[in-house]
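Q:
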Amino acid sequence: MLKNKWIKSIVWVIGLIILVMILLKLDRLCLRYFGFSMPYAWIGGAFAIILLICAKRATSQGLKLAFIYIAIVPICVVISEGVFYYKIQNKKDILIQPHKILGYALAPAVSEKGKLIVDDKVIYDIVYTHNENALRLTPNNNTNSRTCLNIYGGSFVYGSGVGDSETITAYLQNNLPQYNVKNFGIGAAGAHQMLARLEFDLDSKELGQCDENIFIYEAIPHHIYRAKGVFKGPKYENINGEIIYQGTFSDEEQAVFWRKDDDTEKNKIIENKPRQSFIQRMASTLKKTKDQLAESYTREYFFPLIKPGSKSKDLLQNEVYEKGFASNLDRVKLNISQDHIYFDIIRKINKILKEKYNAKLYVIYWDYDMHAQFLDKYDKVIQTTLKNDGIPFYTISEIIGDDYKEDLERVKNGDFEHFKYRISRWDTHPNALANEKIAEFIATQIKNGTIKPSRLHNPNTTHDDPNKKGQE
Numbered sequence: 013m014l015k016n017k018w019i020k021s022i023v024w025v026i027g028l029i030i031l032v033m034i035l036l037k038l039d040r041l042c043l044r045y046f047g048f049s050m051p052y053a054w055i056g057g058a059f060a061i062i063l064l065i066c067a068k069r070a071t072s073q074g075l076k077l078a079f080i081y082i083a084i085v086p087i088c089v090v091i092s093e094g095v096f097y098y099k100i101q102n103k104k105d106i107l108i109q110p111h112k113i114l115g116y117a118l119a120p121a122v123s124e125k126g127k128l129i130v131d132d133k134v135i136y137d138i139v140y141t142h143n144e145n146a147l148r149l150t151p152n153n154n155t156n157s158r159t160c161l162n163i164y165g166g167s168f169v170y171g172s173g174v175g176d177s178e179t180i181t182a183y184l185q186n187n188l189p190q191y192n193v194k195n196f197g198i199g200a201a202g203a204h205q206m207l208a209r210l211e212f213d214l215d216s217k218e219l220g221q222c223d224e225n226i227f228i229y230e231a232i233p234h235h236i237y238r239a240k241g242v243f244k245g246p247k248y249e250n251i252n253g254e255i256i257y258q259g260t261f262s263d264e265e266q267a268v269f270w271r272k273d274d275d276t277e278k279n280k281i282i283e284n285k286p287r288q289s290f291i292q293r294m295a296s297t298l299k300k301t302k303d304q305l306a307e308s309y310t311r312e313y314f315f316p317l318i319k320p321g322s323k324s325k326d327l328l329q330n331e332v333y334e335k336g337f338a339s340n341l342d343r344v345k346l347n348i349s350q351d352h353i354y355f356d357i358i359r360k361i362n363k364i365l366k367e368k369y370n371a372k373l374y375v376i377y378w379d380y381d382m383h384a385q386f387l388d389k390y391d392k393v394i395q396t397t398l399k400n401d402g403i404p405f406y407t408i409s410e411i412i413g414d415d416y417k418e419d420l421e422r423v424k425n426g427d428f429e430h431f432k433y434r435i436s437r438w439d440t441h442p443n444a445l446a447n448e449k450i451a452e453f454i455a456t457q458i459k460n461g462t463i464k465p466s467r468l469h470n471p472n473t474t475h476d477d478p479n480k481k482g483q484e
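Just so it is clear: in the sequence shown, position 190 is 202 by our numbering, and no numbers are missing.
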């Protein structure tokens, strides 16, 4: 009799272990295909069902109540994990909010820390601050001035990886205290965001403060891909010669730029991956199980752990680092010509600036850019097209000089550790020194009259009511 009880107990324990392993496998599949993982919710839900079934089958009232009361615990675990998963996810992206025209935009009046640690070395530890109109804060901004210097672009303008006082607009404000300097940068944005913001008067609350304007767009070669949908953003098409807004890029349109050749990748995996022994497979499974069970959203919400940072060997497994440094992918080979939609967008921006603000567009162009895998491949067509269109532009190699080009040459030669104008190989955005150099150059061009502010035709009627529009 005792022997049978022991056998039953062992069978139950083995059965529960197998059940937990199956549930964790389902959780990993959810993470792979649906993007979320809640191991304790799966386990809690399964145990609650088992206990409630036991309660239903119990022969005595006392045993029935005992099973029901015990089932309350895993039910509470499921509810708790679900609630705190939702709360934590909402806290993760406080700097960004959905936007019906742009797809996404900066959130207003927020401040958030940004930190990157690799191999126990702090790459940066900074704070991002947004003003009430959802612009990256420019410290000591001269808000009383109605002469505005408006800088548009992506993360290079926004200042990814640098503090509020180290952005290009912060240095411009220091050099030009008589100006009201505005940072319209958004991470992963490009010329198409600038066009949508101007076309739909999304920045009217900020631009409504200006009687005179200078508009500068800071461009990188990857903006060509963004205009075609590599990231979420406004979609423009050339329809019978007109550049027309067509909503935002769908997930399917973005996926084209990220998809690998499945057959090629599968063959690589089959060829390169050695067969594992049973012990190795078990060890791998146990490690995955341990990592999963370390994730509890309830614990993380109330007792967040101080994360040790990233390991370089792990980062190098990520496709963004497949060249050895952080760079946007180059999987889709685009045929870039002077009638590409990207250049049509820039032409329309220039046209709108003339019509609405009596202003011209100036471009700062990051030639020799290592922030994308194709490096300097599109430099010639971009510069030639801007020149042919009569749009004044300045290249970073012109602004900074030959030692800027040497950064790229070092990369081409396999040296990823000695950057003068990038944050790090792990984050190839411009560092504070690069922003300072560019700001000094722009300030000099403004002071000597090469770049001039333009006065509105009628300052009182050019802008729509800022209370009706602005960042939505």
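The C-beta atom is built at its ideal place from N, Cα and C for all residues, glycine as well. Being a predicted model, the structure only gives us computed values, none of them experimental.
For Phe227 versus Leu341, is the C-beta spacing smaller than 8 Å?
A: By 1-based counting over the sequence shown, the position of residue 227 is 215. By 1-based counting over the sequence shown, the position of residue 341 is 329. It is not a contact, given that the beta carbons lie outside the stated cut-off.
Q: How about Leu147 and Asp176: do their beta carbons lie closer than 8 Å?
A: For the purposes of this step, residue 147 is identified with residue 135 of the sequence shown, where counting begins at 1. For the purposes of this step, residue 176 is identified with residue 164 of the sequence shown, where counting begins at 1. Not in contact: Leu147 and Asp176 (Cβ atoms no closer than 8 Å).
Q: Only counting the same chain, and skipping five residues up and downstream in sequence, which positions put a Cβ closer than 7 Å to that of Ala58?
A: Along the sequence shown, read from residue 1 onward, the residue named residue 58 stands at position 46. Taken in chain order, the residues that qualify are Leu31, Leu35.
Q: Is it the case that the region 221-240 contacts the region 351-370, given that we only count it when at least three CB pairs across the two stretches are under 8 Å?
A: The region 351-370 vs the region 221-240: in contact.
Q: Check Gly47 in the structure and name its three-state DSSP category.
A: Reading the sequence shown from its first residue, position 35 is the one you call residue 47. Coil.
Q: Comparing C-alpha positions only, which one of Lys366, Phe196, Lys217 sits nearest to His230?
A: Locating residue 230 in the sequence shown gives position 218, counting from the first residue. Contrary to the premise, residue 230 reads as Glu rather than His in this sequence. The candidate whose alpha carbon is nearest that of Glu230 is Phe196.
Q: Nearest to Asn460 by alpha carbon, out of Trp24, Ala203, Leu188?
A: Mapped onto the sequence shown, residue 460 falls at position 448. Of the candidates Trp24, Ala203, Leu188, the one whose C-alpha sits nearest the C-alpha of Asn460 is Leu188.
Q: Check whether the Cβ atoms of Ala208 and His235 sit closer than 8 Å, and answer yes or no.
A: Here residue 208 refers to the residue found at position 196 when the sequence shown is read from its first residue. Here residue 235 refers to the residue found at position 223 when the sequence shown is read from its first residue. Cβ atoms of Ala208 and His235: not closer than 8 Å.
Q: Judging by CA-CA distance, which residue of Gln205, Gly173, Leu184 is the nearest neighbour of Tyr164?
A: Position 152 of the sequence shown, counting from 1, holds the residue named residue 164. Cα-wise, what sits closest to Tyr164 is Gln205.
Q: Does the count of Cβ pairs from the region 425-444 and the region 160-174 closer than 8 Å reach three?
A: Because the criterion of three Cβ pairs below 8 Å is met, the region 425-444 and the region 160-174 touch.
Q: Taking the straight line between their C-alpha atoms, what separation do you get for Glu178 and Val423?
A: As a working note, residue 178 is residue 166 in the sequence shown. As a working note, residue 423 is residue 411 in the sequence shown. The alpha-carbon atoms of Glu178 and Val423 are separated by roughly 25 Å.
Q: If you follow the beta strand (DSSP E) that Asn225 is part of, which residue opens it and which one closes it?
A: Within the sequence shown, the letter at position 213 stands for residue 225. First-last of the beta strand (DSSP E) with Asn225: 224-231.
Q: Under the assumption that Glu249 contacts Ile353 (Cβ atoms under 8 Å), give the Cβ distance between them as a whole number of angstroms.
A: For this step, residue 249 is matched to residue 237 along the sequence shown. For this step, residue 353 is matched to residue 341 along the sequence shown. Right, the Cβ-Cβ distance comes to about 7 Å (below 8 Å), so this counts as a contact.
Q: Can you list, in chain order, the stretches of the alpha helix (DSSP H) that have 4 or more residues and sit fully within the region 16-80?
A: 51-69, all fully within the region 16-80.
Q: If you draw a straight line from the C-alpha of Lys300 to the C-alpha of Leu28, how long is it?
A: Counting from one through the sequence shown, the residue named residue 300 turns up at place 288. Counting from one through the sequence shown, the residue named residue 28 turns up at place 16. Spanning the two alpha carbons is a distance of roughly 18 Å.
Q: Can you give the Cα-Cα distance for Lys363 and Thr260, rounded to whole angstroms?
A: Position 351 of the sequence shown holds residue 363. Position 248 of the sequence shown holds residue 260. If you take the alpha carbons of Lys363 and Thr260, they lie about 22 Å apart.
Q: Measure the alpha-carbon distance for Ser49 versus Trp378 and round it to whole angstroms.
A: Walking along the sequence shown from the start, residue 49 turns up at place 37. Walking along the sequence shown from the start, residue 378 turns up at place 366. Distance between the alpha carbons of Ser49 and Trp378 is about 39 Å.
Q: Distance, Cα to Cα, Tyr97 vs Gln109?
A: Your numbering for residue 97 matches position 85 in the sequence shown. Your numbering for residue 109 matches position 97 in the sequence shown. Distance between the alpha carbons of Tyr97 and Gln109: 18 Å.
Q: Here's the rule: buried if 16 or more other CB atoms are within 10 angstroms of the residue's CB, otherwise exposed. What is Asp132?
A: Taking the first residue of the sequence shown as position 1, residue 132 is located at position 120. It counts as exposed.
Q: Between the alpha carbons of Phe79 and Ser436, how many angstroms are there, rounded?
A: Translated into positions along the sequence shown, residue 79 becomes position 67. Translated into positions along the sequence shown, residue 436 becomes position 424. Cα-Cα distance, rounded: 57 Å.
Q: Can you name the residues that DSSP bridges to Thr159?
A: Sequence index remark: in the sequence shown, residue 159 carries index 147 (1-based). Answer is Glu224.
Q: Of the choices Met382, Leu41, Ile357, Trp18, whose alpha-carbon is the least far from that of Phe168?
A: Along the sequence shown, one-based indexing puts residue 168 at 156. Residue Met382 is the option with its Cα nearest to Phe168.
Q: For Ile91, which three-state DSSP category applies?
A: Indexing the sequence shown from 1 puts residue 91 at position 79. DSSP places Ile91 in helix when its eight states are reduced to three.
Q: Taking all protein chains shown into account, do 16 or more other C-beta atoms lie within 10 angstroms of the C-beta of Arg238, making it buried, or fewer, making it exposed?
A: Translated into the one-based positions of the sequence shown, residue 238 becomes position 226. With 16 or more Cβ atoms within 10 Å of its Cβ, Arg238 is classed as buried.
Q: Taking His142 and Ala117 to be in contact with their CB atoms under 8 Å, please state how far apart those CB atoms are, rounded to whole angstroms.
A: Here residue 142 is taken as the residue at index 130 of the sequence shown, counted from 1. Here residue 117 is taken as the residue at index 105 of the sequence shown, counted from 1. About 10 Å; that fails the 8 Å criterion.
Q: So, at 8 Å on beta carbons, what are the nonlocal neighbours of Val332 in its own chain, with the 5 sequence-adjacent residues on each side left out?
A: Looking up residue 332 in the sequence shown gives position 320. Ala338, Ser339, Asn340, Leu341, listed in sequence order.
Q: Just mark Thr292 as buried or exposed, buried being the case when its beta carbon has 16 or more other beta carbons within 10 Å.
A: Residue 292 sits at position 280 when you count from the first residue of the sequence shown. The amino acid at residue 292 is misidentified as Thr; the sequence shows Gln. It counts as exposed.
Q: Hey, how far is the Cα of Ser123 from the Cα of Thr71?
A: Here residue 123 refers to the residue found at position 111 when the sequence shown is read from its first residue. Here residue 71 refers to the residue found at position 59 when the sequence shown is read from its first residue. Spanning the two alpha carbons is a distance of roughly 59 Å.
Q: Can you tell me whether Glu211 is helix, strand or coil according to DSSP?
A: In the sequence shown, residue 211 corresponds to position 199, counting from 1. Glu211 falls in the helix class under three-state DSSP.
Q: According to DSSP, Asp439 sits in a beta bridge with which residue or residues?
A: Here residue 439 refers to the residue found at position 427 of the sequence shown. Note: Asp439 sits in a beta bridge opposite Ser436.
Q: Please return the same chain residues whose Cβ sits closer than 7 Å to the Cβ of Asn490, not counting the five positions on each side in sequence.
A: Outside the displayed span of the chain (13 to 484) sits residue 490, for which this structure offers no information.
Q: When burial is assigned at 16 or more other CB atoms within 10 Å of the CB, is Tyr81 buried or exposed?
A: Residue mapping note: residue 81 aligns to position 69 of the sequence shown, counting from 1. Exposed is the call here.
Q: Using the Cβ count rule (16 or more neighbours within 10 Å means buried), how would you classify Lys247?
A: Here residue 247 refers to the residue found at position 235 of the sequence shown. So Lys247 counts as buried.
Q: State the Cα-Cα distance for the pair Asp39 and Asp303, rounded to the nearest angstrom.
A: If you number the sequence shown from 1, residue 39 lands on position 27. If you number the sequence shown from 1, residue 303 lands on position 291. One C-alpha to the other measures close to 12 Å.
Q: Can you list, in chain order, the residues of its chain with a C-beta nearer than 7 Å to that of Phe428? Leave out the 5 residues immediately preceding and following it.
A: Within the sequence shown, residue 428 is the residue found at index 416, counting from 1. The answer, listed in chain order, is Gly336, Phe337, Arg437.
Q: Extract the residue ranges of the beta strand (DSSP E) inside the region 311-388, only unbroken runs of 3 or more that lie entirely within it.
A: For the region 311-388, whole beta strand (DSSP E) runs of length 3 or above, ordered along the chain, are 373-377.
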